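Residue numbering for the sequence shown follows my numbering, beginning at 282 and increasing consecutively.
Ideal Cβ placement from N, Cα and C applies to all residues, glycine included.
Computed from a predicted model, the values in this text were never measured in an experiment.
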Amino acid sequence: MEGENKELTKEEKLNEMRKQVRTTDLIWKSVSAVSVLLVFVYIGILIYNKAFFEFAVWKVIVSIVLLILIFGSLYLLPVFLKMGSKKKEYSHAYKNVYLKPALEQAFGEGSYNEEEKISVKELTEVSLLKKARTAVANDCVRGKYKGISFLRYDMTLRFEKKSATADCVMIVSDLKTKAKTDVQIIRNKFKIGGQEYIQPEGFIKLTSGKESFDKKYTIYAKDSEKGDDFIKKTLIKNIADLSFDGPIAAFFEKNKVYLIIKTGKDAMEAPIYSEVKESKCRKETERQIEIIKEWMSVLEDCVER
282 MEGENKELTK EEKLNEMRKQ VRTTDLIWKS VSAVSVLLVF VYIGILIYNK AFFEFAVWKV
342 IVSIVLLILI FGSLYLLPVF LKMGSKKKEY SHAYKNVYLK PALEQAFGEG SYNEEEKISV
402 KELTEVSLLK KARTAVANDC VRGKYKGISF LRYDMTLRFE KKSATADCVM IVSDLKTKAK
462 TDVQIIRNKF KIGGQEYIQP EGFIKLTSGK ESFDKKYTIY AKDSEKGDDF IKKTLIKNIA
522 DLSFDGPIAA FFEKNKVYLI IKTGKDAMEA PIYSEVKESK CRKETERQIE IIKEWMSVLE
582 DCVER
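So this is what it looks like as structure tokens:
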């Protein structure tokens, strides 16, 4: 009796919610698998009976029903489940338990929002993102560290091709830097929207003079002399010492600095197929906090005093 009345911990409650979400996800995958299987069985029967190219009203009706079933299971059902109340409740609860307290402790009360409207127009002014058609942002952290204001968020970009998407972390800072010209620093093999990054129009390719750095990064500037002075005196060592791996791109443009970290996933989303473990969740949140702090420390040396 004592065990039955035991109150669930926050971790246990979240895992109960996670299981419900996982069940709906499994239902979608099962329905999709059955739909695809039915199509193959139907086509196989027609071929076996040598009736594949013969016209019949019943075949048209069955084909339409199967097409609707496929469309519903592959496109409509996942949208319905993703937007369903169980998924929203679980995600909201997870973020309120692990993300919000840690982020607000690090950067101040009210600094964290699950969702925030991001201007696609503003984003696409960054040369790397010009081809993006839509942008959805979540897990937004707004604050100040070492005197530098920033906005950090997870972002999903969609391009002209429906299959071309990109999941990134973006950190935007409003500050006047020592750069006297626009500068871009791209870690090699950076791809976004399925496309290789190409030299932007009006920019000149530079080298840092350090072989180890130039093997990993490509540098572009609008003015070679001013760009060369900025990167050699200010940026090279700090960026080379960044602890977070993966494809990144840094843009120093006018009075704004953008950092894009290609993640391939929503960096702070609640897990569905792995158990919620407090130690792991706190560690992942702390990692995101450290990324912000580390980047602000890089920018601290770039500020025009």
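- DSSP places D510 inside the alpha helix (DSSP H), whose first and last residues are 505-511.
- Rounded to the nearest whole angstrom, the CA to CA distance from C449 to E370 is 24 angstroms.
- Judged by DSSP secondary structure, E395 falls outside any alpha helix (DSSP H) and instead within the beta strand (DSSP E) spanning 393-396.
- Secondary structure at Y379: helix, using DSSP grouped into helix, strand and coil.
- Cβ-Cβ separation between R468 and P528: approximately 5 angstroms, consistent with a contact (criterion under 8 angstroms).
- With fewer than 16 other Cβ atoms from the protein chains shown falling within 10 Å of its own Cβ, S555 counts as exposed.
- Your pair L438 and V538 does not check out as a contact, with CB atoms roughly 19 angstroms apart and the cut at 8 angstroms.
- Burial check for S489: the Cβ neighbour count within 10 Å reaches 16 or more, so the residue is buried.
- Between L347 and L327, the gap from beta carbon to beta carbon reaches 8 angstroms or more.
- For the options L384, E395, F388, the alpha carbon positioned closest to that of A374 is the one of E395.
- The beta carbon of W576 sits closer than 7 angstroms to the beta carbons of I452, L540 from its chain, once the five residues preceding and following it are set aside; these are given in chain order.
- With a 10 Å radius around the Cβ and a threshold of 16 neighbouring Cβ atoms, K376 comes out buried.
- Counting other Cβ atoms within 10 Å of its Cβ, I308 stays below 16 and is therefore classed as exposed.
- In the DSSP assignment, C421 falls within the beta strand (DSSP E) that extends over 415-426.
- Straight across, the Cα-Cα distance linking V378 with E390 is about 15 angstroms.
- Scanning its chain for C-beta atoms nearer than 7 angstroms, with the 5 sequence neighbours on each side dropped, one finds around R423 the residues S392, L432, in chain order.
- Nearest to V322 by alpha-carbon distance, out of A337, S311, V343, is V343.
- Around the beta carbon of S316, 16 or more other beta carbons lie within 10 angstroms, which makes this residue buried.
- In terms of Cα proximity to K491, the closest of E482, I485, Y478, L516 is L516.
- Restricting attention to beta strand (DSSP E) runs no shorter than 3 residues, the region 445-487 encloses them at 446-455, 464-468, 485-487, ordered along the chain.
- Checking the DSSP bridge columns, you'll see Y539 partnered with V453, F532.
- In the three-state scheme derived from DSSP, where H, G and I count as helix and E and B as strand, S555 is classed as coil.
- Taking the CA atoms as reference points, E567 sits about 19 angstroms from M436.
- DSSP places D435 in the uninterrupted beta strand (DSSP E) bounded by 429-439.
- T458 counts as buried, since at least 16 other C-beta atoms from the protein chains shown sit within 10 angstroms of its C-beta.
- With respect to F511, V464 sits close: the two C-beta atoms are nearer than 8 angstroms.
- Cβ-Cβ distances below 8 angstroms link K367 to M298, Q301, V302, T305 in the same chain, with the five nearest sequence neighbours on each side left out; the list follows chain order.
- Annotation for A521: the continuous alpha helix (DSSP H) segment containing it runs 517-521.
- For A460, the closest alpha carbon among the candidates P552, Q386, D509 is that of D509.
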